[in-house]
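The structure appears right after this line, and notes come after that.
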Amino acid sequence: MTAIGHRKSALVIGAARSGKSRFAERLALGTGLLPVYIATAEARDDEMAARVAAHRADRAGRGWTTIEEPLDLADALALSAGVGQVVLADCLTLWLSNLIEAGRDPDTEASALAAAIAGAAGPIVLVTNEVGAGIVPINALARRFADAQGRLNQKIASAVSDVILVAAGQPLRLKPAPEVTL
Amino acid sequence: MTAIGHRKSALVIGAARSGKSRFAERLALGTGLLPVYIATAEARDDEMAARVAAHRADRAGRGWTTIEEPLDLADALALSAGVGQVVLADCLTLWLSNLIEAGRDPDTEASALAAAIAGAAGPIVLVTNEVGAGIVPINALARRFADAQGRLNQKIASAVSDVILVAAGQPLRLKPAPEVTL
Amino acid sequence: MTAIGHRKSALVIGAARSGKSRFAERLALGTGLLPVYIATAEARDDEMAARVAAHRADRAGRGWTTIEEPLDLADALALSAGVGQVVLADCLTLWLSNLIEAGRDPDTEASALAAAIAGAAGPIVLVTNEVGAGIVPINALARRFADAQGRLNQKIASAVSDVILVAAGQPLRLKPAPEVTL
Chain B
32 MTAIGHRKSA LVIGAARSGK SRFAERLALG TGLLPVYIAT AEARDDEMAA
82 RVAAHRADRA GRGWTTIEEP LDLADALALS AGVGQVVLAD CLTLWLSNLI
132 EAGRDPDTEA SALAAAIAGA AGPIVLVTNE VGAGIVPINA LARRFADAQG
182 RLNQKIASAV SDVILVAAGQ PLRLKPAPEV TL
Chain H
32 MTAIGHRKSA LVIGAARSGK SRFAERLALG TGLLPVYIAT AEARDDEMAA
82 RVAAHRADRA GRGWTTIEEP LDLADALALS AGVGQVVLAD CLTLWLSNLI
132 EAGRDPDTEA SALAAAIAGA AGPIVLVTNE VGAGIVPINA LARRFADAQG
182 RLNQKIASAV SDVILVAAGQ PLRLKPAPEV TL
Chain W
32 MTAIGHRKSA LVIGAARSGK SRFAERLALG TGLLPVYIAT AEARDDEMAA
82 RVAAHRADRA GRGWTTIEEP LDLADALALS AGVGQVVLAD CLTLWLSNLI
132 EAGRDPDTEA SALAAAIAGA AGPIVLVTNE VGAGIVPINA LARRFADAQG
182 RLNQKIASAV SDVILVAAGQ PLRLKPAPEV TL
């Protein structure tokens, strides 16, 4: 899938607390367009509430419109991405967790999200976690989550024009890139 | 160790479910040689059996010869790598797990594998996991596995001509690369 | 923060057992300056003692001066970094663990370390772990550690002139790098 001009889209992937959200914000603001933030987080306990509040405070006063959408991300993207606007969806890991808890099929939802990205009228930035680079969890549920997250990351990486890895706050472009052959 | 022409060899490293196996297949098929697949997986329970079957289905009808070798990987490589053939060994993480369970010494086996790579008559692609980028496991056995995996990855990375990192299905070349100095 | 000439500083980040310490040593020795090693590890049990001893043996006979400083790393850096010397601090993950156990505030200490790096009279190399790329730990303490480690890594990455990712012993420069935009 090729993206041109205003149809550019990026997947920003990194470890927890790697600075990926902050970099994704910078990437979105760098377009100079009106920034719309789609938060997939739901504040269910004090720890989460504190994180959501801290992220909100970070964005406060910097002109972001915030939309909260824990489940229907494809629809929210389709509605938000418009001429003169840039949409940041943060993050796909909490979204996946919400989908699984709600009994929805992650692969079906990932396909719908990929289609929404392809059809969007403006640029989109999506944030996701790498969760598969530790020891394989003993817990079968955790293994299934890691599998679903990996499949989702691969599918969305195929759908976007740009993939950027972030480590210690430093971005590294993975796509587009020269072909790697033996 | 320098590799030239048909002696090229690659280590493909990535997180679980990062798309590293699929990329490794593409890398092997890109040589245009007859592809031989060495599977180190043993189907011991339903979850593993399902994964092995899915991977087999992925390769079905695409001309691969499959060899199953959970332990004697160096020998299998030496026997399989030949003129006009490309060998894909997938993956070193299951192999390491099999070695430890069988009471073999991982470092000795890694040295034998490195020697087999150096002596191979045709190109070789090996797939391995990064397992050390999560929180250090409380479990001493898991820590020892992560240590052994890391040492194995470093040793094989030294032995091959190419090292490629995969994240979200996107490859990134780590070797050969310009020297990094301060 | 820009570093010039002898004021260069590097953060080397990688998974456990990724070869990051060995690469960091090579980077420090490559300067041709007198190498000073600041070890943040404390040998508290047999496993740790074995690791510390193995690392010491690795450095033995190669001209390193070793300083052990589990807590006051900023001070140790300020005292050690001098004209004609290169300092290697290994590693920030054990340092963070020591700080938390001693009841010190990681963010305050990270700021002091960043200031010491900026004011150092000679080049500095620091080693740290990526610990956030596995499944989010169930354990709240482990989550808080991963958060603190991520914030520390970002802060030090901002303070140094060079950031280098290591996987399977292979270095990849993340900073300085061309700006990544959409």
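Protein chains in written order, with the numbering used here: chain B, 32 to 213; chain H, 32 to 213; chain W, 32 to 213. Think of the CB as a built atom: it goes at the ideal place given N, C-alpha and C, for glycine as much as any other residue.
Handout entry: Other residues of its chain near L60 of chain B: CB distance less than 7 Å, five sequence neighbours each side excluded
Key = Closer than 7 Å at the Cβ level, and outside the excluded window around L60 of chain B, lie P66.
Exercise for the section: Taking S40 of chain H as part of the beta strand (DSSP E), name the residues at either end of that continuous run. Expected result: DSSP places S40 of chain H inside the beta strand (DSSP E), whose first and last residues are S40 to G45.
Practice task
Spell out the partners DSSP gives D121 of chain H in its beta bridges.
Solution key: Per DSSP, H:A70 and H:V158.
Problem - Sequence-distant residues of its chain with Cβ nearer than 8 Å to A216 of chain B (five each side left out) - result: Past the boundaries of the shown model lies residue 216 of chain B; chain B is included only from 32 to 213, so the question cannot be answered.
Exercise for the section: Return no unless some Cβ of chain B is closer than 8 Å to the Cβ of P202 of chain H. Expected result: For P202 of chain H, the closest Cβ of chain B is nearer than 8 Å.
Problem - Distance, E210 of chain H Cα to P202 of chain W Cα - result: 8 Å
Handout entry: Close-in-space but distant-in-sequence residues of the same chain around L56 of chain B (CB under 6 Å, 5 per side omitted)
Key = Checking the sequence, you will find Glu at residue 56 of chain B rather than Leu. Here the set comprises nothing.
Handout entry: Minimum C-alpha distance to G181 of chain B - residue among H:V158, H:G200 and H:L42
Key = H:G200
Problem - Cross-chain neighbours of S49 of chain H in chain B, by beta carbon under 9 Å - result: E161, G163, A164, G181, N184 and Q185
Exercise for the section: Could you tell me if T159 of chain H is buried or exposed, where buried requires 16 or more neighbouring beta carbons within 10 angstroms of its beta carbon? Expected result: buried
Problem - Cβ-Cβ distance between E161 of chain B and A177 of chain H below 8 Å - result: no
Problem - Length of the line joining the Cα atoms of D136 of chain B and S128 of chain H - result: 32 Å
Handout entry: Nonlocal neighbours in the same chain, by C-beta distance under 8 Å from L108 of chain B, ignoring five residues either side
Key = I69, V118, A120, L144, A147, I148, A151 and I155
Problem - Residue span of the beta strand (DSSP E) that contains E210 of chain B, given as start and end - result: Careful: E210 of chain B lies outside any beta strand (DSSP E) and carries neither H nor E.
Practice task
Tell me, to the nearest whole angstrom, how far the beta carbon of Q116 of chain H is from that of L64 of chain H; I am working on the premise that it is less than 8 Å.
Solution key: 6 Å
Practice task
Verify whether the separation of the beta carbon atoms of G165 of chain H and A112 of chain H is less than 8 Å.
Solution key: no
Handout entry: Euclidean distance between Cα positions of K51 of chain H and G45 of chain H
Key = 6 Å
Exercise for the section: With a cut-off of 8 Å on the beta carbons, I'd call L102 of chain H and L130 of chain H a contact; round off their distance for me. Expected result: 7 Å
Practice task
Could you tell me which of H:W126, H:A91 and H:L42 sits nearest to A74 of chain H, measuring between CA atoms?
Solution key: H:W126
Problem - Three-state secondary structure (DSSP) of D103 of chain W - result: coil
Exercise for the section: Would you give the residue range spanned by the alpha helix (DSSP H) that I148 of chain W belongs to? Expected result: P137 to G150
Exercise for the section: Give me whichever residues DSSP pairs with L203 of chain W in a beta bridge. Expected result: W:L196
Problem - Neighbourhood of L205 of chain H by C-beta, 7 Å cutoff - its chain only, sequence neighbours within 5 removed - result: V194, I195 and L196
Practice task
Report back the beta-carbon spacing between A13 of chain W and L213 of chain H to the nearest angstrom; my notes put them in contact at under 8 Å.
Solution key: No statement about residue 13 of chain W is possible, as the shown extent of chain W runs from 32 to 213 and does not include it.
Problem - Exposure of E140 of chain H, with buried meaning 16 or more beta-carbon neighbours within 10 Å - result: Buried, by the Cβ-count rule.
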